[in-house]
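Notes for the one structure printed next.
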Amino acid sequence: MATPQKINTKVGKLFRVSTAKLLIPMPDRYIVVLGSLLSGIGKGIVSSSITKTLSFYGLNVMPLKFDGYLNYDCGTMNPLKHGEVFVLDDKSEVDMDFGTYERFLNKSLNSSFSLTGGKLFSEIVARERRGEFLGSDVQIIPHLTDMIVRKLVEVRRANDLDALLIEVGGTVGDIENSYFIEAMRELAMKNRVVFVAVTYVPELGVVGEQKTKPTQLGLRSLMQLGIQPDFIVTRSEKKLDSKAREKIALFGNLGPDRIIDNHDLDNIYSAPLEFVRMGFGDKLISELGIEARTPDQKMIDNWRRSIIEIGNGNGKRKVKIIVVGKYVKLHDAYVSVKEALHHASIANGVHPEIEWLDSEELEGIDAAEIAKRLAGSHGILVPGGFGNRGIEGMISAIKYARERNVPYLGICLGMQLMAIEFARNVAGLKDAHSSEFAPNTANKVIHIMEEQKGISDKGGTMRLGAWPALLKSGTRIRSAYGAERISERHRHRYEFNNSYRDGLEGMGLTISGTTPDGKLVEFIEWKNALGIATQSHPELKSRPEAPAPMFVEFVRMAKDLAHGSS
Ligand code: GLN
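Mind the numbering: the sequence shown is residues 62 to 627 in the numbering used here, read in order.
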């Protein structure tokens with residue numbers, strides 16, 4: 062029923078409240094999150110936090126993301142421009158927001174939760190070619206928008222969700238997402254849709270006055286598209302002041318209680334706790350037409366416990382980790398690595414001081430200078446990467462770690478280079494390399510798989526997604542996982558060359574895990590030093606509530622070096 066309270070606070074939606082919502086007995090429920098001013102203000106975190114908040118109330122809500130670019134997926138994008146490419150179990154290469162979703166929810170998503178302009182357009186053109194629209198002009202409205210609405214309904218139903226949250230990438234006013242926003246308006250005509258506009262409130266001047274004009278303009282563009290937000294989430298540096306709140310409420314046709322203050326927090330993971338505390342969870346539930354209920358205190362306490370120390374190193378013992386990589390200028394390129402280091406540090410009761418070092422800085426200098434540059438580190442990590450730049454610098458860092466007994470973690474490229482360094486400096490194969498970087502070298506310790514050789518397409522053609530592995534008993538990695546059969550996600554083309562297995566094992570490089578058929582090397586470790594590495598990307602599955610075992614073991618070794626074994 063349209064309660065008097067709703068009418069007071071939601072001037073703009075009387076029509077929907079009094080007709081559509083009453084006529085549909087069991088409506089499909091959706092939450093649509095839009096950025097109404099500029100991108101990069103944390104819309105993904107707001108979406109994840111809303112989803113997590115509703116999970117505390119026992120509701121099954123999952124996030125779907127739309128991105129307007131015409132790439133089919135994120136696999137071909139440059140991490141320096143777009144941040145990390147995230148990989149799901151089912152091989153899809155998706156936006157880094159999926160990492161945020163999975164970390165918050167502690168659940169794995171699949172490709173049906175990722176829509177892009179590229180996917181939508183290729184599907185509509187394929188359907189046209191199949192003759193599905195014979196006789197008509199195929200148009201954005203209604204053909205594409207209908208297809209979008211149908212897809213969303215399918216995802217909600219296939220996963221039996223209490224509600225599907227849809228995050229619209231980009232901002233209102235972009236050409237790339239305009240048709241998608243139109244589809245959201247159409248979705249709301251037949252379903253119960255809660256619109257959440259995320260906006261930015263800047264502060265100006267020495268006194269830091271919060272300015273609402275940009276938000277007013279952003280809201281106007283949204284309303285011009287026929288969408289009245291139900292809630293406005295404000296992102297600002299400091300707490301939203303009451304004057305700014307009143308103003309935004311007035312321009313948003315909303316009561317001030319529907320303006321949700323989401324100012325910067327020390328710890329992003331605490332946003333769901335704030336949403337519960339502020340009553341945003343209760344309000345969302347009521348707006349979705351679900352009967353009032355109380356959140357599960359045990360779930361809330363669990364979440365608080367697993368995240369509470371992130372971002373807060375006060376009084377904690379520190380470990381210094383140096384990440385030696387190629388894309389260090391943009392931390393977003395390694396966001397999952399950074400998060401996994403934090404999760405593992407909480408598990409070890411320490412605080413990570415992470416230094417990002419461009420591996421090229423270690424090139425063209427001698428061993429003494431390299432040692433000076435890496436001195437004081439309790440752990441060295443070489444993450445994933447592609448291309449030649451900075452490779453020799455990474456190899457030098459690995460050599461330093463092995464020779465000085467500093468804990469080392471190698472991820473994907475970091476494992477390949479660990480094998481190369483070992484082959485060169487321990488086994489004496491001076492020209493050992495990867496065929497990715499030195500196609501003509503005699504000793505290709507890392508090479509391309511036979512099956513991959515003929516592939517020229519660049520999209521979706523790597524070894525991708527979840528792969529099982531068997532771990533060898535008695536190894537450091539096996540004890541880190543505490544299980545023989547495990548599964549991690551992959552994204553790479555090159556592999557450890559099996560012809561070098563026996564030779565390198567004989568010299569002290571342990572093959573700690575392979576694919577179950579024994580054909581592909583997945584994990585290696587040093588017998589006489591503190592290095593562990595994997596061809597996979599364990600950081601992609603690390604979550605506050607389930608830290609990645611490889612990272613937990615690495616930080617444990619770093620803690621022992623820094624503070625002695627406990
Ligand atoms: N460039 C390497 C390969 O393709 C490593 C990839 C990675 O680190 N993700 O095998």
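Each residue gets a CB set at the ideal place from its N, CA and C atoms; glycine is no exception.
May I ask which residues mark the beginning and end of the beta strand (DSSP E) holding residue i?
i, result
"tyrosine 91", "90-96"
"alanine 527", "524-532"
"methionine 123", "122-128"
"lysine 505", "505-509"
"isoleucine 585", "582-587"
Taking all protein chains shown into account, decide if residue i is buried (16 or more other Cβ within 10 angstroms of its Cβ) or exposed.
i, result
"serine 420", "buried"
"asparagine 449", "exposed"
"valine 268", "exposed"
"serine 534", "exposed"
"methionine 123", "buried"
"lysine 620", "buried"
"histidine 404", "buried"
"histidine 624", "exposed"
"lysine 359", "exposed"
"isoleucine 236", "exposed"
"lysine 387", "buried"
"methionine 250", "exposed"
"lysine 113", "buried"
"proline 599", "buried"
"alanine 224", "buried"
"valine 257", "buried"
From the DSSP secondary-structure annotation, give me the bridge partner or partners of residue i.
i, result
"alanine 332", "Alanine 332 is not bridged to any residue."
"glutamate 416", "Ile383"
"aspartate 322", "Thr295"
"glycine 592", "Tyr469"
"valine 255", "Ile92"
"leucine 265", "Glu270"
Looking at the secondary structure, which residues open and close the alpha helix (DSSP H) in which residue i lies?
i, result
"threonine 112", "104-117"
"leucine 181", "178-190"
"histidine 403", "396-409"
"glutamate 482", "474-486"
"serine 457", "452-465"
"glutamate 614", "610-624"
"alanine 432", "428-435"
"serine 347", "341-348"
"alanine 244", "239-251"
"phenylalanine 312", "303-312"
"alanine 541", "537-542"
"glutamate 497", "Taken as a continuous stretch (DSSP letters only), glutamate 497 belongs to no alpha helix (DSSP H), as it is neither H nor E."
May I ask you to report which of helix, strand or coil DSSP gives residue i?
i, result
"threonine 161", "helix"
"tyrosine 469", "strand"
"phenylalanine 447", "coil"
"phenylalanine 147", "strand"
"glutamate 228", "strand"
"threonine 571", "strand"
"glutamate 270", "strand"
"glutamate 193", "coil"
"serine 603", "coil"
"isoleucine 547", "strand"
"isoleucine 351", "coil"
"phenylalanine 174", "helix"
"glutamate 422", "helix"
"leucine 166", "helix"
State the CB to CB distance for the pair residue i and residue j, rounded to an integer number of angstroms; the pair is presumed to be in contact (CB under 8 Å).
i, j, result
"histidine 551", "glutamine 477", "About 13 Å separates the two Cβ atoms, so there is no contact after all."
"isoleucine 111", "leucine 345", "7 Å"
"threonine 260", "serine 97", "5 Å"
"glycine 129", "glycine 178", "5 Å"
"alanine 305", "valine 262", "6 Å"
"histidine 392", "tryptophan 364", "Contact flag wrong, Cβ pair sits at about 24 Å."
"leucine 95", "valine 229", "5 Å"
"alanine 408", "valine 613", "5 Å"
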